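K.L.:
The structure that follows is given in the form of C-alpha cells.
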Amino acid sequence: MALSCQPLGSFPPRLSVCVLLIVFVAAASASHDAPQDGTHDPTNVTHKKGFPVLLFNYDHVRTPFEISLWILLALLMKLGFHVIPRVSQVVPESCLLIVVGLLVGGFIKAIGEKAPALDDTLFFLYLLPPIILDAGYFLPVRPFTENVGTILVFAVVGTLWNAFFMGGVMYGVCQLEGGQLASVDLLSCLLFGSIVSAVDPVAVLAVFEEIHINELLHILVFGESLLNDAVTVVLYHLFKEFSAVGTVTVLDGVLAVVCFFVVSLGGLLVGAIYGVLGAFTSRFTSHTRVIEPLFVFLYSYMAYLSAEVFHLSGIMSLIACGVTMRPYVEANVSHKSYTTIKYFLKMWSSVSETLIFIFLGVSTVAGPHAWNWTFVVVTVVLCLVSRVMGVIGLTYVINKFRIVKLTKKDQFIVAYGGLRGAIAYSLGFLLPDHPMKTLFLTAIITVVFFTVFVQGMTIRPLVELLAVKKKMETRRSINEEIHTQFLDHLLTGIEGVCGHYGHHHWKDKLNRFNKTYVKRWLIAGERSMEPQLISFYNKMEMRQAMMMVESGSSAKLPGLISMQNIQPKVESRGRTIPKISKGREEEIRRILRSNLQQTKQRLRSYSRHDLFADPFEDMNENLSEMRFRKQRVEMERRMSHYLTVPANRQETPPVRRVRFESDDQESSRESSGVRARNVGPNSSPADAISVLEESPPLRPNRRSDGGARRSAEHGAPATDDDDDDAEEEKGEPQTQARRVSDPGPN
Amino acid sequence: MGASQTRTEDVFQELSDKTGFSLEQIRILHRRFRQLSGDEDTISKENLEKIQALDKNPIRNQIIEAFFDKRNQNDGEVGSSREIGFQQFVKVMCHFKPPTLKMTTEDKEAMRREKLRFLFNMHDTDNDGTITLDEYRKVVEELLSKSGAIGLEAAKAIADAAMLEVASINVPHMEPHEFYEGITFEHFEQILKGLEMESRMNIRFLDVDTSTMHCGKSQ
C-alpha cells in the first residue's frame, strides 16, 4: 500500500525497520560477548607481534554505546511510523512503540539474552522528569487556575475513591475465589489498588496530544494526572509500610492525612523556591546568553531531586517550578534562548516518552509473569467501572459549584481518558519482594496495555463520533488579548459592585502584588514595568517581523489592508497643506513637475554617460532583487506610516535621504531608493509627494560633502521658498549630477 | 409593613420570572442595592463611584457608565440616565449570568450575542453603531492607564494594530483608497468568536442558587 507511492530508489521503510531491529539485536547480543576479547591481548604481548593496526575494545564504551543505541532505535522507530502514514492515523504512537518494544524484547529473549527491564531508578530519575518539566513549563496557566478546584477534586477524591474501591472489591473477589488468591490480604489489595488507580500523565499526554480536544477537557484530565501524584505517593508509602506490618490504626490514618498535606504542599513549596531562584538568576544573564537555557533545566531538575530526597511529590515540585519560573524567565532571556528552551524540552520529553513505551514493551516480555484469569480480568473491569462511577459521582457534586457545568459528553471523555501508564508499572516494580509481586505486575501490565491500546485507539473515533469540541488552532490575536484583559477588569469591577469577593477579585489582587513587588525583583531592567498587553504586542510584532523576513515576500502589502485603509480621514486631517492661491499652486506644480523630469533625466544621463556602472544594476542583481522585495515591504510600510502621520517638519522622507548617503553605510534602503526613483511616473500621489520632498532640500546640502546627512528642517513641501529653490535647482543641474555621482564606491 | 413586604415579594417574583434569576439571588441583589443607594430607591453615579473595590480598576468609568447606559436596558432607548432603579440594576446584572445545562446551542448563541452587545456598547461611546479608531484607542488607553507610564504612543500602536487585524479578518481585500469605517457589531462578533463569551463573561456570585451556599460568603 504505502510502498507503491515510494519514490524510486528509496528503501522501503518496513524493510529498513526490520534491518534495524536485526542490527540492533545483533549489537546487543554482541555486547554480551565482547568482554572475552579484551582478555586475549595481554597474552599476545609477550610474542613478537606486529603493531596492532586494528583492535577491538568494546568494554570501555559499552554503557554509553548501548544507551545511544537504544535511543537511536527509539527515534528511528518514531521516524518510521511517520513514513507509513496510514498506520499513524489509526493507531496512536504509544501503541506502536509498545509493539516495537514487544518485538525487540521477543528477539532478545529468543536469542537467550537478558533484556533490560524498566527499572525504577532509570524511570523516575531520568525518563520521567523531562516529560513532566515539558508539561509544567508549558502548562496553560489560565485554564488551569480557572479549573483548579475541579482538577483537585478529581485528583484527590477521585484517586482515593478509585484506590479504596478497587482494593476493597479486589479483596472481596480474592476471598470469594479462594485458591491461589486466598492469601492476598486486605492491605495488599489496597496497595495494589493505590498503584493502579492513578491516572498517568505520560499516557494521557501521549494520547491526548493526537486528538486535539478542547482546552477545558485537556486541562481537566491532564491536570488531574499531574496532581494525583501526591495522593499516589502517600497511599503507596502508607500501604507499603503497613502491608509489611499487617495492620493500620486510626492514628496511622490521621498521620497519613497530615502526610498528604505535607507531601503536596511541601512539593509545591520546594518547586516554587527553585522557581524563584531560577527567575532571579535569569535576571543577570544578559551577558552570558548562551547558558541561559541550562539554568532553567538545572533548577527544575534540582527541584525534582530535592523533593524526591524528602519523599515529597517530585511531580508537583517540578510543575510548581516550571510555572513559577516561566513568566519571569521569558521576560529576561533572549529570543534565541527561549527557542532553545522550548525545543530542548520538547526534544527531551519526546525521547523520554518514546523510550518509556519501548521499555514497557521490552519489560513485558522480559519480566516474570504470574497469570491469573480472575485477578487480571477483574482488575481491568474494576478499573473502568470505578473510574466511571467516580467521575459521574464527583461531577454531580462539582457541577453545583461550577459556573460552566460539565456536560455528559465531557464526563465521558474525562472518564474514558483516565489512562494508566508506566508510572503504575514502575511503582509495581518498586515493590519489595512481596509474595504477590509478580501477580500484581502482570495485572498492572494488562491494565496498562488495555488502557493504552483499547482506550487509546478508540478515543479518537469516539471524539469524532460524539462531536466533542476540538481545540481552536489559531494563535491568539491582539484583539482577543485586549478583550481578555478588558474582561478581567470588567468582571472584577462587577464583582466589586456586587460586593462579592470572588475569583476575579483575588486574581486581581495577586496580579497587582506580582506587578508591584515580585516583578521588580525578578525581571531585569525596564521590562519589569511593562504591562502585559505591551509585552504581548511586542512579541506579536517581532513574530510578524520575523515571519516577513523569513518568507522574503510581502505579506502585508497593499491589496491587503494597510494603515491607510483605516485612517484616511486622519490623513486628510493631518496633512494640512497650507493654503496658497490657485495661481501660485499652478506655478509650483509646474516647477516641480519640470524638476521631476530633470531629476529623471539626470538619472538617465548618469547611467549612460557615467564611467562607473551602477553596481546594483549589474553586480548585485540577484541579491538586490531579493533584498528589494524585503525592502519594498519596509518602504511601503514606511510610506503608509508617513501618510498617516501628520507631516512632521522634523521627519525626513526615507527615499530622499538615500540619495546622499554613501554606500558603505550600507543603508538597506539604498537600492529601494534607486528603484523608487525609477518608479516615478506611474506612482500614486504618495510617491510624487515623497519625491517632491526631495527637491527643495537639495539646496542646503549642495555645499556639504557627499554622504552627509541632510539637515532636518526643510521637510515641508510647498513653502514660500519653493520658487527660489526651483530657480537654483535649474541653475545647477551639473553640480547636481556630480553630486549624484559621488555617493560611495559605485 | 406587611403589605409593602408582600408587594416587594411580588415585585421580586415578577423580576425573577422576567430575568431568570432565582428569588434568592434577587433578594441578595436587592440587599446590595439598598446598601449602595443608602436605602434610597435609586442609585446615581456618585453612589457607584464611592465603591472602594473599583478604585484601582482601570476601566472604572466605563463600568459605572454601563450601568446608566440606556442601551443596556434593551428598551430601544439611547442615552444615559442619571439614576437607575432596582429593575434597571438587575437588568444590567443579567448580562453576567452563566449558561445553564439545559440551554440549547441557539440559546447559547443568543446569550453570547447579548454579552457581546454589552461589551460593544461599552466601547461605542457615541452610539453610532461602529467602534471607530478613536474609540478603540481610548479603550486601550484606559486599559493601560493604571499600569504606569508607558505613554500614549504604545496605546495608539496597539489599537492601530488591533484595528488592522479586525479589518483584515472581516474585509480581506480593500483597495488602498477604501476606508474602513469602524468595527460594526458583526465584525466585533467575528473577531471575538474564539473567546466564547458565554462561558467567560460570568460572575460566580450569581451562580449561587441555594440559600445554604451563601453562608460565609462576604457581601
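Quick note, the sequences are listed as chains A and B, same order. In our numbering, each number is its position in the first sequence, counted from 1, plus 850. By our numbering, the letter at position 64 of the second sequence is numbered 58, and the numbering carries on one by one without gaps. Beta carbons: idealized from backbone N, C-alpha and C, even for Gly. Remember, it's a predicted structure, so these values are computed and weren't measured experimentally.
(1) Distance, Cα to Cα, L137 (chain B) vs A148 (chain B)?
(2) Anything in chain B within Cβ reach of R1362 (chain A), meaning under 8 Å, just list it in chain order.
(3) Please name the residues in the segment 84 to 99 of chain B whose beta-carbon is closer than 8 Å to at least one beta-carbon of chain A, in chain order.
(4) What's the C-alpha gap between L1372 (chain A) and N1364 (chain A)?
(5) Check the Cβ of M105 (chain B) against every Cβ in chain A and list those closer than 7 Å, keeping chain order.
(6) If you run the structure through DSSP and keep just helix, strand and coil, what is E77 (chain B)?
(7) Report the rounded CA-to-CA distance for V1399 (chain A) versus K1192 (chain A), giving the unit in angstroms.
(8) DSSP on E147 (chain B), reduced to helix/strand/coil?
(9) Taking the Cβ atom as the reference point for each residue, do L1289 (chain A) and N1222 (chain A) lie within a distance shorter than 8 Å?
(10) Does D969 (chain A) come out as helix, strand or coil in the three-state DSSP assignment?
(11) For the putative contact between K1259 (chain A) and L1210 (chain A), defined by C-beta atoms under 8 Å, what is the C-beta separation to the nearest angstrom?
(12) With burial defined as no fewer than 16 other Cβ atoms inside 10 Å of the residue's Cβ, what is the status of L0 (chain B): buried or exposed?
(13) My output table needs one value for S38 (chain B): the three-state DSSP class, helix, strand or coil.
(14) Determine, using beta carbons only, whether A1069 (chain A) comes closer than 8 Å to chain B.
(15) Taking only runs that begin and end inside the segment 948 to 1005 of chain A, name each unbroken alpha helix (DSSP H) of 4 or more residues, in chain order.
(16) Quick one: using the 10 Å Cβ neighbour count with 16 as the cut-off for buried, is Q29 (chain B) buried or exposed?
(17) Touch check for the segment 1201 to 1215 of chain A and the segment 1164 to 1176 of chain A: three-plus C-beta pairs under 8 Å?
(18) Taking the alpha-carbon of V1173 (chain A) as reference, which of A:Y1351, A:G962, A:D984 has the nearest alpha-carbon?
(19) Please name the residue in A:R1270, A:V1368, A:S1202, A:I1294 whose C-alpha comes closest to that of K928 (chain A).
(20) Taking 8 Å as the CB-CB cut-off, is V1347 (chain A) touching chain B?
(21) Please go through the same chain and pick out, in chain order, the residues whose beta-carbon is closer than 8 Å to the beta-carbon of M1392 (chain A), but skip the five residues on each side of it.
(22) Would you verify that the beta carbon of M1397 (chain A) is, or is not, closer than 8 Å to some beta carbon of chain B?
(23) So, with DSSP's three-state summary, where would you put I1063 (chain A)?
(24) Answer with yes or no whether the minimum CB distance from R76 (chain B) to chain A is below 8 Å.
(25) Inspect the beta-carbon positions of R1237 (chain A) and A1220 (chain A) and report whether they are closer than 8 Å.
(26) For L989 (chain A), tell me which candidate among A:E1380, A:M1175, A:L1341, A:F1130 has the shortest Cα-Cα distance.
(27) I need the straight-line Cα distance from T36 (chain B) to E77 (chain B), nearest angstrom please.
(28) Give me the chain A residues within the contact set of N196 (chain B), using Cβ-Cβ distance strictly less than 9 Å, ordered along the chain.
(29) Given 8 Å as the limit, is there contact between the segment 1053 to 1067 of chain A and the segment 933 to 949 of chain A, that is, 3 or more CB pairs closer than that?
(30) Work out the CA separation of Q1305 (chain A) and K1320 (chain A) for me, nearest whole Å.
(31) Kindly indicate if chain A contains any beta-carbon less than 8 Å away from that of I214 (chain B).
(32) With DSSP collapsed to three states, give me the class of K928 (chain A).
(33) List the residues of chain A whose Cβ lies closer than 7 Å to the Cβ of E159 (chain B), in chain order.
(34) With a cut-off of 8 Å, does the C-beta of L9 (chain B) fall near any C-beta of chain A?
(35) Which stretch, first to last residue, makes up the alpha helix (DSSP H) that contains L1256 (chain A)?
(36) Run the CB neighbour count on G1103 (chain A), radius 10 Å, all protein chains shown included, and call it buried at 16 or more, exposed below.
P.N.:
Once the coordinates are examined:
(1) Here the question's residue 137 (chain B) lines up with position 143 in the second sequence. Here the question's residue 148 (chain B) lines up with position 154 in the second sequence. Looking at the two C-alpha atoms, the distance is approximately 12 Å.
(2) As a position in the first sequence, residue 1362 (chain A) is number 512, starting the count at 1. What R1362 (chain A) touches in chain B: K50.
(3) Correct list: M87, F90, P92, P93, T94, L95.
(4) Walking along the first sequence from the start, residue 1372 (chain A) turns up at place 522. Walking along the first sequence from the start, residue 1364 (chain A) turns up at place 514. Distance from the CA of L1372 (chain A) to the CA of N1364 (chain A), rounded to the nearest whole angstrom, comes to 10 Å.
(5) As a position in the second sequence, residue 105 (chain B) is number 111, starting the count at 1. Listed by position along chain A, the residues whose Cβ is nearer than 7 Å to that of M105 (chain B) form an empty set, because the closest Cβ is around 12 Å away.
(6) Along the second sequence, read from residue 1 onward, the residue named residue 77 (chain B) stands at position 83. Three-state result, E77 (chain B): strand.
(7) The count along the first sequence starts at 1 and reaches residue 1399 (chain A) at position 549. The count along the first sequence starts at 1 and reaches residue 1192 (chain A) at position 342. One Cα belongs to V1399 (chain A), the other to K1192 (chain A), and the distance between them is close to 22 Å.
(8) Mapped onto the second sequence, residue 147 (chain B) falls at position 153. Here E147 (chain B) sits in helix by DSSP.
(9) The residue given as residue 1289 (chain A) occupies position 439 in the first sequence. The residue given as residue 1222 (chain A) occupies position 372 in the first sequence. Taking 8 Å as the Cβ cut-off, L1289 (chain A) and N1222 (chain A) qualify as a contacting pair.
(10) Looking up residue 969 (chain A) in the first sequence gives position 119. Coil.
(11) The residue labelled residue 1259 (chain A) in the question sits at position 409 within the first sequence. The residue labelled residue 1210 (chain A) in the question sits at position 360 within the first sequence. The Cβ separation is near 31 Å, so there is no contact.
(12) As a first step, residue 0 (chain B) is located in the second sequence; it is residue number 6 there, counting from the start. For the record, residue 0 (chain B) in the displayed sequence is Thr; it is not Leu. Within a 10 Å sphere around the beta-carbon of T0 (chain B) sit fewer than 16 other beta-carbons, which makes this residue exposed.
(13) By 1-based counting over the second sequence, the position of residue 38 (chain B) is 44. Strand, per DSSP.
(14) On the first sequence, position 219 is the one that residue 1069 (chain A) refers to. Reading off the sequence shown, one finds Ile at residue 1069 (chain A), where the question assumed Ala. Output row for I1069 (chain A): interface = no.
(15) Whole alpha helix (DSSP H) segments, 4+ residues: 978 to 987, 991 to 996, 998 to 1002.
(16) The residue labelled residue 29 (chain B) in the question sits at position 35 within the second sequence. Answer is exposed; the Cβ neighbour count stays below 16.
(17) Taking a cut-off of 8 Å for Cβ pairs, the segment 1201 to 1215 of chain A and the segment 1164 to 1176 of chain A do not touch, as fewer than three such pairs fall below it.
(18) Locating residue 1173 (chain A) in the first sequence gives position 323, where the first residue counts as 1. Residue A:D984 is the option with its Cα nearest to V1173 (chain A).
(19) Translated into positions along the first sequence, residue 928 (chain A) becomes position 78. It is A:S1202 whose Cα lies nearest to the Cα of K928 (chain A).
(20) Taking the first residue of the first sequence as position 1, residue 1347 (chain A) is located at position 497. Answer yes: the Cβ-Cβ gap between V1347 (chain A) and chain B drops below 8 Å somewhere.
(21) Your numbering for residue 1392 (chain A) matches position 542 in the first sequence. These residues qualify, in order along the chain: H1185.
(22) In the first sequence, the residue the question calls residue 1397 (chain A) occupies position 547. False, the Cβ-Cβ gap to chain B never drops below 8 Å.
(23) Here the question's residue 1063 (chain A) lines up with position 213 in the first sequence. Note: I1063 (chain A) maps to strand in three-state DSSP.
(24) Taking the first residue of the second sequence as 1, we reach residue 76 (chain B) at position 82. With its beta carbon at least 8 Å from every one in chain A, R76 (chain B) lies outside the interface.
(25) Here residue 1237 (chain A) refers to the residue found at position 387 of the first sequence. Here residue 1220 (chain A) refers to the residue found at position 370 of the first sequence. No, the Cβ-Cβ distance between R1237 (chain A) and A1220 (chain A) is not below 8 Å.
(26) Taking the first residue of the first sequence as 1, we reach residue 989 (chain A) at position 139. Closest by alpha carbon: A:M1175.
(27) Taking the second sequence and counting its residues from 1, the one referred to as residue 36 (chain B) is at position 42. Taking the second sequence and counting its residues from 1, the one referred to as residue 77 (chain B) is at position 83. T36 (chain B) and E77 (chain B): Cα-Cα distance of roughly 6 Å.
(28) To locate residue 196 (chain B), count along the second sequence from 1; it is residue 202. Chain A residues near N196 (chain B): I1253, V1254, L1341.
(29) Verdict: yes, contact present.
(30) Within the first sequence, residue 1320 (chain A) is the residue found at index 470, counting from 1. Within the first sequence, residue 1305 (chain A) is the residue found at index 455, counting from 1. Rounded to the nearest angstrom, the two C-alpha atoms are 18 Å apart.
(31) Within the shown structure, residues of chain B are numbered from -5 to 213, placing residue 214 (chain B) beyond reach of any answer.
(32) On the first sequence, position 78 is the one that residue 928 (chain A) refers to. Helix.
(33) On the second sequence, residue 159 (chain B) is found 165 positions in, with the first residue counted as 1. Chain A residues near E159 (chain B): S1327, I1328, N1329.
(34) Translated into positions along the second sequence, residue 9 (chain B) becomes position 15. Not closer than 8 Å to any Cβ of chain A, the Cβ of L9 (chain B) fails to qualify, so no.
(35) Here residue 1256 (chain A) is taken as the residue at index 406 of the first sequence, counted from 1. In this chain, L1256 (chain A) is not harboured by any alpha helix (DSSP H), its DSSP state being neither H nor E.
(36) As a first step, residue 1103 (chain A) is located in the first sequence; it is residue number 253 there, counting from the start. Result: exposed.
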